Structure formats: C-alpha cells, structure tokens
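What follows is a short report on a single structure.
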Amino acid sequence: MLLLALDTATPAVTVALHDGDDVIASSSQVDARRHGELLLPAIDRVLTDAGRGLDAVTGIVVGIGPGPYTGLRVGLMTADTFGLALGVPVHGVCTLDGLAHAAAVEGPFVVATDARRKEVYWARYADPRTRVTEPAVDRPADIAEQVRDLPAVGAGALLYPETFPHAHAPEHVSAAALARLAAERLAAGAELPAPRPLYLRRPDAQVPKNYKVVTPK
Numbered sequence: 012m013l014l015l016a017l018d019t020a021t022p023a024v025t026v027a028l029h030d031g032d033d034v035i036a037s038s039s040q041v042d043a044r045r046h047g048e049l050l051l052p053a054i055d056r057v058l059t060d061a062g063r064g065l066d067a068v069t070g071i072v073v074g075i076g077p078g079p080y081t082g083l084r085v086g087l088m089t090a091d092t093f094g095l096a097l098g099v100p101v102h103g104v105c106t107l108d109g110l111a112h113a114a115a116v117e118g119p120f121v122v123a124t125d126a127r128r129k130e131v132y133w134a135r136y137a138d139p140r141t142r143v144t145e146p147a148v149d150r151p152a153d154i155a156e157q158v159r160d161l162p163a164v165g166a167g168a169l170l171y172p173e174t175f176p177h178a179h180a181p182e183h184v185s186a187a188a189l190a191r192l193a194a195e196r197l198a199a200g201a202e203l204p205a206p207r208p209l210y211l212r213r214p215d216a217q218v219p220k221n222y223k224v225v226t227p228k
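With my numbering applied, the sequence shown covers 12 to 228.
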C-alpha cells in the first residue's frame, strides 16, 4: 500500500504519503489564496522526500471538506485526475475527521474550522475516531449552548473563544492525520466515501438576479 493523501479544504495545503504502516513523508503550508499554486509542488516534494515515484502510488486519499468552494475543488479535482491517470481508487475522508484524528482529546469534543462570513464548519465527536453529528455550518453564537463546555480543536474554535473557551491546537488539518485515518479504516475493511465535496452552502459567486441573456439577432 502507498497512499497519497491531500487536503485543500482549509487554508492549509497539505500532502502526505502513507506506506501501510505509517506516514513516510509529509508537507503542509498555510496560504488560503494559493492552493492551486502550491499543491502540485507539494506532491512532488513529498514523493521526492520519500524516494518514491508517482507510479508506486496505489490509492489517493482526499479531504472532502466541508470547506470553501474554491479551495476545496482544487484538491478534489487533483485527486480525481491522479486517480484516473494512475488507475487507482480515490477515497474521500471528511476534513473534520482528519482534524479530530490528530486531536489529543479524551472523551467528547468538537472540531470547528473557519467557514468565513462569521460562521464555522463543525461537528461533535465521541473520541478522535468517532463522529456523532453530521458536519454543519452555523454562526458560533447559535451553537454556543451545545459546545461551550466541550474541548474544541480547529481554526474556527480558536477564532471564537467566547463560544469555544476550551479550544486548542491543531488549527488546520494535516494530510498525515488524514492518511493515518484512511489507512486504519481501509485495513479494517471499511468503505470510504466517494470523493464528493461537502458543500454546506452556495459558492460566493452568484449569477445576478436581474441578469439578462443577450443573443445576436
């Protein structure tokens, strides 16, 4: 097994290689505006550091969000393209699950990432491997009663300490955690979701309501 894992659903552009036993190389850079520019060089760097060729990859793991439309689609399209070119399966993993897997938390906790517009993408977990609610997008004040007493991880939690007073690192997802979680689930015989994006709201760009199509006569 050689899994190439990547995620662009948060400001982090993160890539890792997992050989079936553990992560053998990884890279993470935080830059919310350069996902498309940074992802392919990061993949090349990780393969070089591991001393492996792209043709050795047996599967792709990609974070499916939730996340902003533009950043998220960079990772998903790249994963689909590599999967098609290499003829290998592409496995989707919820980005929040990757953050949870990296959290050193015992007992119930919350993962929250920054959804912009003064909102967070979030979900509750029983432990680092078990999500107990579906991912959602909400204003922090609207969920305060549900989460205030729980430990929390993620940039969204750190951004709103009045709602998440017990927040701590990790701030962004790492492909290393995503790869470990995927490898663990695959080894257990679990079926991972198809690489379809978790878009919890419409993209920022919208067609104007009074838009008129003009056709030549």
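Just so it is clear, CB atoms sit at the ideal spot from N, CA and C, and this is done for glycine as well.
Note that this is a predicted model, so its numbers are computed, not measured.
Annotation for Pro-22: Val-41, Asp-42, Ala-43 and His-183 place their beta carbon closer than 7 Å to its own, counting only its chain and skipping 5 residues before and after. Counted as a single uninterrupted DSSP element, the beta strand (DSSP E) harbouring Leu-14 occupies residues 14 to 18. In the three-state reduction of the DSSP assignment, Tyr-136 falls in the strand class, which pools E and B. Counting only the Cα atoms, Leu-50 lies some 25 Å from Pro-146. Leu-58 places its beta carbon less than 9 Å from that of Leu-15. Spanning the alpha carbons of Ala-187 and Asp-125 requires a straight line of approximately 20 Å.
Between Ala-198 and Tyr-210, the alpha-carbon positions lie close to 28 Å from each other. Contact between Asp-18 and Leu-189 holds: their C-beta atoms lie close to 6 Å from each other, under 8 Å.
For Arg-196, the secondary structure class from DSSP, reduced to helix, strand or coil, is helix. Positions of the alpha helix (DSSP H) runs, each at least 4 residues long and wholly inside the region 100 to 174, are given as 106 to 113, 151 to 158 and 166 to 170 in order along the chain. The secondary-structure analysis by DSSP pairs Ser-37 across a beta bridge with Ala-27. Leu-110 sits away from Val-72, with the two beta carbons spaced by 9 Å or more. The residue among Glu-156, Ile-54, Thr-141 and Leu-170 with its C-alpha nearest the C-alpha of Ala-113 is Thr-141.
Ranked by Cα distance from Ser-37, the first of Gly-47, Arg-63, Arg-45 and Gly-118 is Arg-63. Each residue's CA atom was taken as its position, placing Arg-196 and Leu-161 some 26 Å apart. DSSP places Val-73 inside the beta strand (DSSP E), whose first and last residues are 70 to 74. When rounded, the separation of the alpha-carbon atoms in Ala-53 and Ser-39 is 8 Å.
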